[in-house]
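Residue numbers (my numbering): 3 to 339.
For glycine and all other residues, C-beta sits at the position ideal for the given N, C-alpha and C.
Bear in mind that the values here come from a model prediction, so they are computed numbers and not experimental data.
Only one structure is covered here, and it is reproduced in the block below.
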């Protein structure tokens with residue numbers, strides 16, 4: 003079966019997001035670590051849901067970090083493929099249909115989903131716009147090499163790995179096999195560090211995804227907190243020295259301060275137009291998607307970073323981790339102007 007050339011082939015978790023607005027006292031009462039992602043089991047999920055049972059959140063959406071990135075690429079007009087795993091349940095059907103509706107090709111089909119529960123993520127948003135995520139992996143914990151489509155990887159421009167897969171032995175194995183297939187076919191490699199918890203608890207696995215030297219990445223994405231956590235440095239020079247060795251291009255997002263771009267042993271600051279933050283969920287995913295779309299369309303790295311800053315600013319100024327197609331068109335119009 004022949005595939006079109008994909009701008010980005012991504013692999014990551016399949017999670018259906020549900021957002022809830024909570025205050026810091028509620029977060030504390032729930033025993034949730036603020037600003038980070040925590041893995042939970044079904045019992046803990048039921049317990050947490052009881053705390054927000056009265057709340058009409060009404061914001062269920064397809065999620066998963068790399069999925070959000072793939073959707074951003076597709077909304078901007080690029081072609082994207084997403085490898086993931088869902089269960090044969092209502093959430094799984096919702097997730098598959100959501101990818102299709104957003105123009106993202108996938109390994110999922112209506113007939114091959116295993117039994118079980120599709121993964122889900124409770125996103126708890128505090129008034130300061132910080133998001134704390136409690137993730138029940140469900141069937142995505144069994145993501146393995148069967149989700150890969152080697153012929154599609156071989157014809158992609160960029161192969162993108164979600165750092166959260168460092169927490170899953172079979173997911174990591176799948177990401178690394180896909181990485182090898184991409185390398186064999188001259189496909190650019192990209193990854194995100196995803197979360198401080200991955201750096202703290204799964205660093206060795208993350209290092210396998212990132213690689214080093216000739217086996218390193220072409221594009222690496224992280225935020226400033228993750229850059230500090232990885233490098234052990236608090237200052238710009240220390241971060242630069244540690245991260246420049248990991249990838250040909252490193253993008254470090256910095257919220258209202260825009261981003262740092264590391265390339266050719268230089269670190270450049272790219273500013274952004276500050277917005278009133280409402281919900282930071284999905285900002286890094288959006289940045290990566292817009293950036294990779296731009297570079298696969300031949301834009302310079304600085305122009306790609308400017309588009310990514312614009313798209314990320316738009317997504318943090320509202321609830322939810324994605325934009326509508328119309329919002330994305332408006333972001334691109336402003337970038338072009």
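- So residue 263 packs on residue 304, CB below 8 Å; how close in whole Å? Translated into positions along the chain shown, residue 263 becomes position 261. Translated into positions along the chain shown, residue 304 becomes position 302. Contact between residue 263 and residue 304 holds, since their C-beta atoms are separated by about 7 Å, short of 8 Å.
- Query: In terms of alpha-carbon separation, which member of 290, 82, 110, 19 lies closest to residue 126?
  - Reply: As a position in the chain shown, residue 126 is number 124, starting the count at 1. Residue 126 has its Cα closest to that of 19, out of 290, 82, 110, 19.
- residue 225 - partner residues in DSSP beta bridges: As a first step, residue 225 is located in the chain shown; it is residue number 223 there, counting from the start. DSSP output for residue 225 lists 255 as bridge partner(s).
- Just how far apart, CA to CA, sit residue 9 and residue 291? Taking the first residue of the chain shown as 1, we reach residue 9 at position 7. Taking the first residue of the chain shown as 1, we reach residue 291 at position 289. Those two C-alpha atoms are separated by around 10 Å.
- Query: Who are the near neighbours of residue 117 in its chain, counting only those whose CB is closer than 6 Å to its CB and skipping five residues on each side?
  - Reply: For the purposes of this step, residue 117 is taken as the residue at position 115 of the chain shown. So the list reads 90, once near-sequence residues are dropped.
- Message: Using only the alpha-carbon positions, how far apart do residue 215 and residue 11 sit?
- Response: As a first step, residue 215 must be located in the chain shown, where it is residue number 213. As a first step, residue 11 must be located in the chain shown, where it is residue number 9. Roughly 23 Å between the two C-alpha positions.
- Query: Taking residue 234 as the reference, which of 257, 110, 30, 205 has the closest Cα?
  - Reply: Taking the chain shown and counting its residues from 1, the one referred to as residue 234 is at position 232. Checking every option, the nearest Cα to that of residue 234 belongs to 205.
- residue 119 and residue 140 look like a contact to me (Cβ under 8 Å); what is the Cβ gap, rounded to whole Å? Position 117 of the chain shown holds residue 119. Position 138 of the chain shown holds residue 140. Between residue 119 and residue 140 a beta carbon distance of about 4 Å is seen, short of the 8 Å cut, so the two are scored as contacting.
- Query: According to DSSP, is residue 62 helix, strand or coil?
  - Reply: Position 60 of the chain shown, counting from 1, holds the residue named residue 62. Assignment of residue 62 by DSSP, reduced to helix, strand and coil, places it in the strand class.
- Message: Please state whether the Cβ-Cβ distance between residue 283 and residue 133 is less than 8 Å.
- Response: Reading the chain shown from its first residue, position 281 is the one you call residue 283. Reading the chain shown from its first residue, position 131 is the one you call residue 133. Result yes, Cβ atoms of residue 283 and residue 133 sit closer than 8 Å.
- residue 132 lies in the alpha helix (DSSP H); which residues open and close that run? Counting from 1 along the chain shown, the entry for residue 132 is found at position 130. Per DSSP, residue 132 lies in no alpha helix (DSSP H) segment and is marked neither H nor E.
- Item | Limits of the alpha helix (DSSP H) - the one that residue 42 falls within | Here residue 42 refers to the residue found at position 40 when the chain shown is read from its first residue. Neither: residue 42 is in no alpha helix (DSSP H) and is coded neither H nor E.
- Query: For residue 150, which residues from the same chain have a beta carbon less than 8 Å from its beta carbon, with the 5 sequence-adjacent residues on both sides left out?
  - Reply: Residue numbering aside, residue 150 sits at position 148 when the chain shown is read from its first letter. In the same chain as residue 150, and ignoring 5 residues on each side of it, the C-beta atoms closer than 8 Å to its own belong to 13, 85, 109, 176, 179, 180, 183, in chain order.
- Task: Can you tell me which of the three DSSP states residue 304 falls into?
- Result: Residue 304 sits at position 302 when you count from the first residue of the chain shown. Reduced to three states, the DSSP call for residue 304 is helix.
- Query: Can you pull the DSSP bridge partners for residue 366?
  - Reply: Not covered by the structure: residue 366. The range shown for the chain is 3 to 339.
- Quick one: what does DSSP say residue 79 is sitting in, helix, strand or coil? Start at 1 with the first residue of the chain shown, and residue 79 comes out as number 77. Of the three classes helix, strand and coil, the one that applies to residue 79 here is coil, per DSSP.
- Using a C-beta cutoff of 8 Å, does residue 168 count as contacting chain B? Among the chains in the structure shown there is no chain B, since it carries only a single protein chain.
- Query: With residue 41 and residue 169 assumed to form a contact (beta carbons below 8 Å), what rounded beta-carbon distance in angstroms separates them?
  - Reply: Counted from its first residue, the chain shown places residue 41 at position 39. Counted from its first residue, the chain shown places residue 169 at position 167. Contact holds; Cβ gap of about 7 Å.
- Message: If you reduce the DSSP assignment to three classes, tell me which class residue 321 lands in.
- Response: Locating residue 321 in the chain shown gives position 319, where the first residue counts as 1. Coil.
- Query: So residue 287 packs on residue 71, CB below 8 Å; how close in whole Å?
  - Reply: For the purposes of this step, residue 287 is taken as the residue at position 285 of the chain shown. For the purposes of this step, residue 71 is taken as the residue at position 69 of the chain shown. Your pair residue 287 and residue 71 checks out as a contact, with CB atoms roughly 5 Å apart and the cut at 8 Å.
- Task: Could you please give me the residues that DSSP links to residue 22 through a beta bridge?
- Result: Here residue 22 refers to the residue found at position 20 when the chain shown is read from its first residue. Note: residue 22 sits in a beta bridge opposite 126.
- Rounded to a whole number of angstroms, what is the C-alpha to C-alpha distance between residue 310 and residue 247? Translated into the one-based positions of the chain shown, residue 310 becomes position 308. Translated into the one-based positions of the chain shown, residue 247 becomes position 245. Computed Cα separation, rounded: 23 Å.
- Query: Do residue 137 and residue 87 have their C-beta atoms within less than 8 Å of each other?
  - Reply: Taking the first residue of the chain shown as 1, we reach residue 137 at position 135. Taking the first residue of the chain shown as 1, we reach residue 87 at position 85. Result no, Cβ atoms of residue 137 and residue 87 do not sit closer than 8 Å.
- Message: On the DSSP bridge list, what partners appear for residue 268?
- Response: As a first step, residue 268 is located in the chain shown; it is residue number 266 there, counting from the start. Residue pairing for residue 268: DSSP places it in a beta bridge opposite 265.
- Query: How far does the beta strand (DSSP E) with residue 10 in it reach, from first residue to last?
  - Reply: Sequence index remark: in the chain shown, residue 10 carries index 8 (1-based). Counted as a single uninterrupted DSSP element, the beta strand (DSSP E) harbouring residue 10 occupies residues 8 to 13.
- Message: Please return the same chain residues whose Cβ sits closer than 7 Å to the Cβ of residue 4, not counting the five positions on each side in sequence.
- Response: The residue given as residue 4 occupies position 2 in the chain shown. In this prediction, residue 4 has a pLDDT of 49, which is less than 50 and means its spatial position is unreliable; nothing more can be read from the coordinates.
- Message: Mapping the DSSP letters down to three states, classify residue 106 as helix, strand or coil.
- Response: Position 104 of the chain shown holds residue 106. Here residue 106 carries a strand assignment [DSSP, helix/strand/coil].
- Query: Does DSSP put residue 250 in a helix, in a strand, or in coil?
  - Reply: By one-based count along the chain shown, residue 250 stands at place 248. The three-state reading of DSSP puts residue 250 in strand, counting E and B together.
- Find the nearest neighbour of residue 285 within the set 270, 320, 296, judged by alpha-carbon distance. Counting from 1 along the chain shown, the entry for residue 285 is found at position 283. Here the closest residue by C-alpha is 320.
- Message: Restricting to Cα atoms, I'd like to know which of 80, 334, 326 is closest to residue 100.
- Response: Your numbering for residue 100 matches position 98 in the chain shown. Residue 100 has its Cα closest to that of 326, out of 80, 334, 326.
- DSSP three-state call for residue 150: helix, strand or coil? Here residue 150 is taken as the residue at index 148 of the chain shown, counted from 1. Correct three-state label for residue 150: coil.
- Measure how close the beta-carbons of residue 218 and residue 172 come, nearest whole angstrom, since I'm counting them as under 8 Å. Indexing the chain shown from 1 puts residue 218 at position 216. Indexing the chain shown from 1 puts residue 172 at position 170. Between the beta-carbon of residue 218 and that of residue 172 there is about 24 Å, and that puts the pair past the 8 Å contact cut.
- Indicate whether residue 293 and residue 307 have their beta-carbon atoms separated by less than 8 Å. Working through the chain shown from its first residue, we reach residue 293 at position 291. Working through the chain shown from its first residue, we reach residue 307 at position 305. A Cβ-Cβ contact shorter than 8 Å links residue 293 with residue 307.
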